[in-house]
Structures are given as structure tokens and as C-alpha cells.
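In the numbering used here, the protein residues as written are 4 to 565. Taking it in order: structure first as C-alpha cells, then the write-up.
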């Protein structure tokens with residue numbers, strides 16, 4: 004075991020990341036206890052009316068296809084018919100995943116973690132918890148060898164600075180507390196922000212019968228449809244294309260930014276040809292940086308704007324009365340009943356940790372943290388973390404890690420799984436632990452990139468990265484051999500020669516997570532015998548979607564022809 008430590012692992016949180024972490028560590032022989040403050044698994048995918056918890060509304064649809072979303076050894080069920088699952092279907096999927104792998108027996112539900120601190124001998128962690136089943140429950144302290152914090156990046160609401168808000172007599176909430184759209188029927192509502200969450204909020208308000216909806220935003224966005232030519236957009240982002248994009252980034256990040264911007268613009272124009280004529284996308288608003296922003300994936304926002312269901316207005320300057328708002332361009336909005344701030348969320352880990360162990364502690368890298376905070380577009384609600392690969396504590400790499408601080412291409416579930424696969428192997432001692440110098444060099448590189456980007460424009464998440472190097476490392480540590488078998492070395496040529504059909508499916512078909520468990524390897528994560536069939540099925544489903552779209556287009560042409 005790495006660091007000479009034992010196998011008792013504490014996992015904080017049983018959302019999607021905590022579930023897959025529990026599964027990955029248990030199957031590698033660790034003694035795992037997962038603490039979950041709620042009485043259920045699933046995290047934000049389990050709907051609740053509790054305004055203090057971030058949850059997706061029942062009608063929310065995920066942004067990545069059902070072929071790209073699942074964990075590597077548990078495909079989405081055939082009962083999900085559309086390309087993109089709803090939040091309710093995703094909740095059911097996570098419940099099924101927990102049952103399939105008997106994960107719940109390792110979870111202590113309704114147990115809140117109050118704090119994590121190093122034991123006096125510095126070899127173990129003391130985890131303080133409290134049961135939420137009883138109001139007067141006493142605190143307990145548990146001893147663990149290692150801790151993985153998987154509470155995620157959606158815990159703490161990020162509020163905008165709103166001058167004069169005490170004068171406002173309407174309802175002012177964060178989107179975290181937007182749970183029951185029907186309560187806004189007949190109301191005039193201002194939604195602050197133009198993220199995917201804001202877009203969903205606008206659609207739910209429209210469906211609920213809101214009288215008038217304003218979208219107040221300072222920046223423009225790139226809108227990306229969920230589907231294009233009958234297939235999910237992510238179906239076309241094959242491993243080969245990802246490799247080409249990474250080559251562009253290595254040659255010139257500016258070139259990659261230019262190409263990504265053009266691709267997004269092309270998708271936007273082909274789906275909504277007149278969208279760029281709308282004021283929401285005009286030159287008066289700052290435009291996002293392609294390499295440091297997440298496109299707004301929405302099928303409803305463009306329609307709601309162009310058909311007048313929602314009105315785009317400038318950012319709020321201040322509240323100017325009990326029910327009025329003055330915008331930065333001087334426009335005054337009257338008779339406002341409610342303001343919903345869809346301005347993002349962040350993680351909240353500082354309350355759990357001693358400052359010396361907290362990766363957001365500015366004393367860990369004073370000069371770099373200072374430069375980030377003084378950057379032109381720095382936002383207090385999106386703190387950076389001093390971590391190796393946005394995962395591993397640099398102070399305690401053998402025993403402390405954090406899931407949810409890296410935002411990378413593709414779906415969240417497989418990304419979290421790759422990190423957990425790697426971490427389980429690393430802590431087993433099956434892969435060399437990076438030196439402290441190497442870890443600090445990696446964190447410094449990310450901070451320097453953040454500083455440069457924050458002086459150009461807004462960044463949606465401080466853990467955002469386009470570097471393929473992260474994925475290479477996770478796969479290498481996890482022992483998947485995926486990049487070896489699809490690369491230019493002997494293993495790659497051998498796979499191409501002996502199993503060319505599967506090679507083509509992996510390289511040119513949809514980038515499914517099942518490839519993570521395709522190969523029998525000498526070390527690392529467990530092999531899944533069903534991976535090959537799952538890859539074939541996913542490719543068949545995607546091809547059928549494309550053929551169906553072509554047939555529909557042919558019928559449309561025939562109907563239009565004289």
C-alpha cells in the first residue's frame with residue numbers, strides 16, 4: 004500500500020461520484036465506509052424540494068447521450084428510449100447501479116460529516132460525524148487511513164453582487180432553491196444568468212405559465228444543440244477526433260480555440276440560422292473564451308428567445324424599488340415578482356478541513372493565488388484548488404483526494420470513474436506516486452493557465468481543462484491500456500491488425516466508457532466481459548439514429564417536391 008498506510012477508506016458523499024468511488028475501492032479490496040448526509044443515493048439527481056440542496060428538476064434532460072453517460076460496466080437500460088436521459092431516469096439508473104454492485108451496504112445514510120483532521124501521529128484521519136435521524140444525536144469520531152471527498156462542485160450557491168437587494172419585496176432566490184415552478188404561474192420573473200441551468204429555468208417557468216420572463220445577462224454564449232443530424236452531438240466526438248484536437252492544442256492553443264469556436268458557431272447556425280440576429284448574441288456583450296467555457300447545451304433557449312417567450316435584457320445594476328430593477332443600460336424593469344439567480348454553484352470543503360489540509364488555502368501557493376484573485380475576470384464564487392491533477396492533495400497524496408474539481412471533455416460519470424479507478428490503484432501502491440516537485444509543477448502549470456485565461460475572460464469553472472494529459476495519466480494509472488492499444492506503439496499496431504473491426508469502433512465510433520474495461524491487462528482495474536458487446540451495441544444504436552434521420556430527410560424532400 005502507498006505510504007505504508009492501511010486499507011480503511013472514508014468516502015464523503017454518495018452522489019454519482021461517491022457511488023462509483025465506493026464501487027472502485029471495494030472491488031480492489033479496500034475497507035470502505037461512505038457517509039451520506041441524506042437517506043438516499045444519487046446526489047443532485049435525486050429530486051427534493053429542500054431549497055438548500057442542489058437537485059435537478061424532474062424534467063431536466065442531461066447533456067450527454069445515453070451511450071456516453073454510463074459507467075464503464077453498467078450500460079443504460081433499453082427502457083430509456085430517447086438519446087438523452089431525463090434526471091428521473093438517471094436517478095433510477097444510479098439506484099440500479101447501487102443495487103447491482105451491492106454498494107449500499109457500505110454506505111451510512113443520514114450521516115453528516117462535520118470535520119476531517121489529522122490524528123496526532125499524522126498517519127490517520129479522524130472523521131467526525133453526526134446522525135441526521137435524531138435532532139439531539141451525539142457526534143462520533145471514526146479513524147481512517149485515507150479519505151476521498153466526493154461532495155461535488157454543486158454544494159454552495161454562487162451569488163452575484165446585487166446592490167439594493169434589501170429594498171426588493173419580491174422573491175429573491177438562487178436556482179438551487181428553484182424547486183416548484185408552478186408557484187410562479189402568472190408572475191413576472193427575472194432569471195439572472197444564461198447558463199444551461201438558466202435555460203432550463205426559463206423553460207420550466209414558461210411551461211408553468213409565468214406571465215413574463217426576462218433573462219438578465221452580462222455575457223453572450225455559444226448555444227449547442229443536444230442533437231445534430233439525428234444523433235447526439237457527443238456521438239460525433241470520436242477518440243480519433245479528440246486526438247486531432249489535442250494535436251492542435253499542443254501546436255497552438257489559439258488554433259484549437261479558433262477551430263472550436265468555428266465548430267460551435269457552425270452547429271449553432273445550422274440548427275438556428277437566425278439566432279445570431281438576436282440581441283442576446285450581439286456585440287454589446289462579452290463573448291466567452293472557447294478554451295475556458297462550457298457551451299450552453301439547450302434545445303429550448305433559442306426558441307424561447309426567438310419566439311418571444313423570454314426577453315433578453317442587460318445585467319442588473321441595482322434594485323431600485325420594492326418591485327423594480329435598474330439594468331446597467333439604464334432600463335428599468337417594473338412589477339417584478341421574483342428574481343432567480345442561475346449563477347452557478349461551487350464546492351464547500353473548507354468547513355470540513357483544517358486550513359493546512361484545505362486545497363483552497365491561499366497560503367499553499369501565495370503568489371499564484373494572489374495573481375488569480377487579482378485577475379481581471381476573477382470570481383470569488385469559483386475558487387481554485389491547489390491539487391495534483393485537480394484530484395490529489397499535494398500535502399497528503401497518500402491519503403487525501405477530492406473528486407469534482409476537474410472539468411474535462413465528455414460525461415461526468417465516466418470522468419469520475421476514471422479518477423477513482425486511478426486513485427484506487429495509486430493508493431494500492433500499484434503505480435509510482437509522483438514526487439512533490441512533480442505535483443507542484445502540475446498545479447503551478449494549471450494555475451498559470453487559469454491566470455492567463457482569467458485575464459482574457461470569464462471562466463465557468465476553475466478546474467476546467469482541455470489537456471489530454473490528464474486522461475492519459477488516469478488511464479495509465481488505472482491500467483486500462485486503452486491509449487496503448489489505440490496508439491502508435493506495438494500494442495496499438497497489434498490490436499489494429501488482429502481486431503480491426505473493434506479498433507475502428509473505438510477510434511471512429513462514439514467514445515463510450517465501456518472501452519475502459521475492454522482489455523485484459525496485467526494489472527489495474529477489473530476487466531468486464533460485457534465490454535465488447537456493449538461497444539458494438541452502442542455503435543449500432545448510433546448508426547441506426549443516423550440512418551433514421553436520413554430516411555426522414557428523404558421523406559421531407561419528397562413531400563416538398565412538386
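Cβ atoms here follow ideal geometry from the backbone N, Cα and C, with glycine treated the same way.
Same chain, Cβ closer than 8 angstroms to residue i, neighbours up to 5 away in sequence not counted
i	result
residue 174	340, 341, 342
residue 541	70, 78, 512, 513, 515, 517
residue 494	484, 487, 488
residue 398	359, 360, 367
residue 289	221, 222, 223, 460, 461
residue 335	323, 327, 328, 329
Burial state of residue i, where buried means 16 or more other Cβ atoms lie within 10 Å
i	result
residue 80	exposed
residue 543	exposed
residue 48	buried
residue 532	exposed
residue 268	exposed
residue 408	buried
residue 45	buried
residue 229	buried
residue 169	exposed
residue 405	buried
residue 153	buried
residue 130	buried
residue 253	exposed
residue 257	exposed
residue 476	buried
residue 386	buried
residue 261	exposed
residue 357	exposed
residue 521	buried
residue 352	buried
residue 272	exposed
residue 536	exposed
residue 285	exposed
residue 146	exposed
In DSSP terms, what residue i is bridged to
i	result
residue 185	DSSP output for residue 185 lists no bridge partner at all.
residue 218	194, 315
residue 176	343
residue 128	121, 147
residue 391	395
residue 235	230
residue 142	133
residue 116	132
residue 321	166, 329
residue 12	35, 149
residue 159	349
residue 335	329
residue 526	Answer is none; residue 526 lacks a bridge partner.
residue 66	In the DSSP output, where bridge partners are listed per residue, residue 66 has none listed.
Nearest-angstrom beta carbon gap, residue j and residue i [assumed within contact, 8 angstroms]
i	j	result
residue 223	residue 345	Rounded, the Cβ-Cβ distance is 16 angstroms, inconsistent with contact.
residue 90	residue 63	4 angstroms
residue 219	residue 192	Between residue 192 and residue 219 the Cβ distance is about 10 angstroms, and since that is not below 8 angstroms, they are no contact.
residue 167	residue 322	4 angstroms
residue 355	residue 116	6 angstroms
residue 245	residue 507	Between residue 507 and residue 245 the Cβ distance is about 15 angstroms, and since that is not below 8 angstroms, they are no contact.
residue 303	residue 226	Between residue 226 and residue 303 the Cβ distance is about 10 angstroms, and since that is not below 8 angstroms, they are no contact.
residue 137	residue 54	Incorrect: roughly 23 angstroms between the Cβ atoms, too far for contact.
residue 510	residue 241	6 angstroms
residue 234	residue 559	No, residue 234 and residue 559 are not in contact; Cβ-Cβ is about 17 angstroms, not under 8 angstroms.
residue 320	residue 331	5 angstroms
6 angstroms CB neighbourhood of residue i in its chain, flanking five on each side removed
i	result
residue 325	172
residue 403	150, 396
residue 4	432
residue 37	14, 17, 21, 25, 109, 110
residue 33	10, 12
residue 421	477
residue 417	516
residue 107	101
residue 372	365
residue 98	none
Close-in-space but distant-in-sequence residues of the same chain around residue i (CB under 7 angstroms, 5 per side omitted)
i	result
residue 187	208, 211, 213, 341
residue 58	47, 49, 50, 51
residue 391	397, 400, 437, 442, 445, 446
residue 414	67, 71, 72
residue 3	The first residue shown for the chain is 4 and the last is 565, placing residue 3 beyond what the model contains.
residue 492	none
Chain B within 8 angstroms of residue i, Cβ atoms only
i	result
residue 416	No chain B appears in the structure shown, which is made up of a single protein chain.
Would you call the region 303-310 in contact with the region 113-133, where contact means no fewer than 3 C-beta pairs closer than 8 angstroms? No: the two stretches stay apart, fewer than three of their Cβ pairs being nearer than 8 angstroms.
Could you tell me whether the region 484-501 touches the region 426-434, using the rule of 3 or more Cβ pairs below 8 angstroms? no
For the pair the region 280-295 and the region 449-465, tell me if three or more CB-CB distances fall below 8 angstroms. yes
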